[in-house]
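First comes the structure, then the notes that go with it.
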Amino acid sequence: MANARKLDKRRKSIRNIRKITRTMELIATARFKKAMERAAAATDYTRRITEIVSDLAAAGLEVSHPLLEPRAETKNAALLVLTANRGLCGGYNGNALRLAAQRRTELVDQQQINTIVDVSGKRGISGLKFRKIPVEQTFTQFDDQPKYEQVESIANAYLEKYVAGEIDRLDVVYTRFVSVSRQEAVVETLLPLGKLAGDAKPGGEAATMYEFLPSAASILEEVVPTSFKVKLFKCFLDAAVSEQIARMVAMKNATKSASDMIKSLSLTYNRARQSQITGEIMEVIGGVEALKG
Amino acid sequence: MSKLHVSIVTPESTTFDREAEMVVVPLFDGEAGILAGHAAMIGRLAPGELRVTAGNETIRFYVDGGFVQVLNNRVSVITGRSEFPNKIDVAAAHKILDDVKINADDKFEMVELKNRTLAQARAQLRVAQKNS
Numbered sequence: 000m001a002n003a004r005k006l007d008k009r010r011k012s013i014r015n016i017r018k019i020t021r022t023m024e025l026i027a028t029a030r031f032k033k034a035m036e037r038a039a040a041a042t043d044y045t046r047r048i049t050e051i052v053s054d055l056a057a058a059g060l061e062v063s064h065p066l067l068e069p070r071a072e073t074k075n076a077a078l079l080v081l082t083a084n085r086g087l088c089g090g091y092n093g094n095a096l097r098l099a100a101q102r103r104t105e106l107v108d109q110q111q112i113n114t115i116v117d118v119s120g121k122r123g124i125s126g127l128k129f130r131k132i133p134v135e136q137t138f139t140q141f142d143d144q145p146k147y148e149q150v151e152s153i154a155n156a157y158l159e160k161y162v163a164g165e166i167d168r169l170d171v172v173y174t175r176f177v178s179v180s181r182q183e184a185v186v187e188t189l190l191p192l193g194k195l196a197g198d199a200k201p202g203g204e205a206a207t208m209y210e211f212l213p214s215a216a217s218i219l220e221e222v223v224p225t226s227f228k229v230k231l232f233k234c235f236l237d238a239a240v241s242e243q244i245a246r247m248v249a250m251k252n253a254t255k256s257a258s259d260m261i262k263s264l265s266l267t268y269n270r271a272r273q274s275q276i277t278g279e280i281m282e283v284i285g286g287v288e289a290l291k292g
Numbered sequence: 000m001s002k003l004h005v006s007i008v009t010p011e012s013t014t015f016d017r018e019a020e021m022v023v024v025p026l027f028d029g030e031a032g033i034l035a036g037h038a039a040m041i042g043r044l045a046p047g048e049l050r051v052t053a054g055n056e057t058i059r060f061y062v063d064g065g066f067v068q069v070l071n072n073r074v075s076v077i078t079g080r081s082e083f084p085n086k087i088d089v090a091a092a093h094k095i096l097d098d099v100k101i102n103a104d105d106k107f108e109m110v111e112l113k114n115r116t117l118a119q120a121r122a123q124l125r126v127a128q129k130n131s
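Each protein sequence line maps, in turn, to chains A and B.
Note that the first sequence covers residues 0 to 292 in numbering that gives the first Met the number 0.
Note that the second sequence covers residues 0 to 131 in numbering that gives the first Met the number 0.
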């Protein structure tokens, strides 16, 4: 039977771990709520942009823009991977990295496209290093509340590269937030943009006749890059929300496992203690018997 | 007189949302004032100063381009960034003016992108100076 004191020590240390994981769970929950609020604000913005696009479409304007058209030949691509700066969040980083590596192989080996990989998050940087994938740019400034300004500067850099012909396509690997109980790592092609949301219902119920200043075409010119930036921002927000959820779930499980472990350790400890006492009583009785004899 | 409802929406938050008498927005080709009863309109904004007159106070914002949508006395300003004039980072704007240079062999779209960045920096300085 194991040493009772050793068991007790172990139980204490697991209690401490449980305290830590429980706190981390609470922190992740609080951050998740905040991140969720920001995502909601961004949704409001996106909705209005979508409205404008559908108004433009309703006005009979053909939606076309260089950023929307796929290039005739894709020679250079960029892959942006969004991961967390910190670990302890279950499969969150691993899933995104696995998908990124898979995508990169697809682009480089199967389609012979020159691919540069950019990564956000310390975990992603070390993960890609481990997989021996060369990384062009790294970002570590994004935490649970990505700033639009920061994302915008990255978006502008990509736009510049795309316009200059340095890249012909941009894929983003991130963890999409589907619902509180479901997040999945996905690859999304942001450049070329393809279709704009809201473009799908031409004519529809052209309820209001808008006056476009200076012209519908000019507004379209502005809408397209803006939608790209917002889409990228949404990716960052989704990744941030998913990270907090992943951490929340991971820590919840850790707390639960710690509780289970404490329970089973307590059982063994009590048994060990009991048998120790029994042993001692037997010794005493044995001694008394010996004296009598 | 009926009033306007003005809201300024950025991707991060709704920075302004209340009733007002008049809004002056920096349209792409000059300022435009909007009063209650304005016709439905979608306008493209240039970086510049946005003024909201509510009661007897005038609230000023710097907006980073974007759009304005007017519909049924509701004015929605949709912009990447809105800032109070005293919060503008003048040093950063100066740095952009110094750093960004347009080269002769830049492509057309590239020149446009750079021009935009420069225009934003200039507008920030202008708004900051005017309100300092």
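For every residue, glycine included, the Cβ atom is placed at its ideal position computed from N, Cα and C.
Pairwise C-alpha distance: residue j and residue i
i	j	result
residue 7(B)	residue 151(A)	18 Å
residue 201(A)	residue 56(A)	Because the pLDDT at residue 201(A) is just 48, under 50, the model does not fix this residue reliably, and the point stays unresolved.
residue 215(A)	residue 67(B)	13 Å
residue 163(A)	residue 62(A)	22 Å
residue 258(A)	residue 17(A)	7 Å
residue 19(B)	residue 51(B)	7 Å
residue 89(A)	residue 253(A)	10 Å
residue 159(A)	residue 11(B)	24 Å
residue 70(A)	residue 161(A)	10 Å
residue 6(A)	residue 12(A)	10 Å
residue 122(B)	residue 73(A)	37 Å
residue 230(A)	residue 3(A)	59 Å
residue 209(A)	residue 29(B)	19 Å
residue 34(A)	residue 43(A)	15 Å
residue 105(B)	residue 165(A)	13 Å
residue 277(A)	residue 131(A)	60 Å
residue 31(B)	residue 37(B)	11 Å
residue 275(A)	residue 289(A)	21 Å
residue 283(A)	residue 269(A)	21 Å
residue 286(A)	residue 251(A)	52 Å
residue 140(A)	residue 228(A)	18 Å
residue 154(A)	residue 48(A)	17 Å
residue 211(A)	residue 59(A)	12 Å
residue 101(B)	residue 111(B)	10 Å
residue 272(A)	residue 244(A)	41 Å
Beta-carbon proximity list for residue i, same chain, < 6 Å, skipping 5 on both sides
i	result
residue 124(B)	92
residue 170(A)	78, 186, 188
residue 64(A)	223
residue 22(B)	5, 33, 51, 74
residue 81(A)	119, 173, 238
residue 149(B)	In the structure displayed, chain B extends from 0 to 131; residue 149(B) sits before or after that span and is not available.
residue 138(A)	119
Nearest neighbour of residue i, chosen from the options [CA to CA]
i	options	result
residue 167(A)	83(A), 239(A), 94(A), 112(A)	112(A)
residue 295(A)	73(A), 48(A), 87(A), 75(A)	Limits of chain A in this structure are 0 at one end and 292 at the other, which puts residue 295(A) out of reach.
residue 29(A)	277(A), 260(A), 239(A)	239(A)
residue 145(A)	235(A), 27(A), 52(A), 12(A)	235(A)
residue 184(A)	175(A), 190(A), 138(A)	175(A)
residue 133(A)	139(A), 143(A), 140(A), 100(A)	100(A)
residue 9(A)	53(A), 261(A), 32(A)	261(A)
residue 156(A)	116(B), 55(B), 14(B)	116(B)
residue 233(A)	9(B), 39(B), 15(B)	9(B)
residue 194(A)	279(A), 15(A), 226(A), 273(A)	226(A)
residue 128(B)	90(B), 98(B), 54(B)	90(B)
residue 179(A)	242(A), 231(A), 272(A), 289(A)	242(A)
residue 69(B)	269(A), 50(A), 68(A), 66(A)	50(A)
residue 114(B)	99(B), 126(B), 104(B)	99(B)
residue 2(B)	35(B), 118(B), 131(B)	35(B)
residue 98(A)	84(A), 285(A), 127(A), 110(A)	127(A)
residue 86(B)	101(B), 53(B), 59(B), 107(B)	59(B)
residue 129(A)	154(A), 148(A), 93(A)	93(A)
residue 192(A)	280(A), 52(A), 66(A)	66(A)
residue 52(A)	96(A), 271(A), 220(A)	220(A)
Sequence-distant residues of its chain with Cβ nearer than 8 Å to residue i (five each side left out)
i	result
residue 114(A)	75, 76, 77, 78, 103, 106, 107
residue 181(A)	none
residue 44(B)	24, 25, 26, 27, 62, 64, 65, 66, 67, 76, 78
residue 13(B)	6, 7
Neighbourhood of residue i by C-beta distance below 7 Å, restricted to the same chain and skipping five residues each side
i	result
residue 120(B)	92, 95, 96
residue 247(A)	24, 27, 28, 31
residue 17(B)	5, 53
residue 135(A)	115, 116, 117
- Task: Could you name each continuous beta strand (DSSP E) segment of 3 residues or more that falls completely within the segment 32-118 of chain A, going from the start of the chain to the end?
- Result: 75-81
- Message: With three or more beta-carbon pairs closer than 8 Å as the criterion, would you say the segment 263-273 of chain A touches the segment 29-42 of chain A?
- Response: Output reads no: the segment 29-42 of chain A does not touch the segment 263-273 of chain A.
- Query: Within the chosen definition, does the segment 116-133 of chain A reach the segment 62-79 of chain B through at least 3 CB pairs nearer than 8 Å?
  - Reply: Result no; under three Cβ-Cβ pairs closer than 8 Å.
- Query: At which residue ranges does the segment 1-31 of chain B contain complete beta strand (DSSP E) runs of 3 or more residues, listed in the order of the chain?
  - Reply: 3-8, 13-19, 21-26
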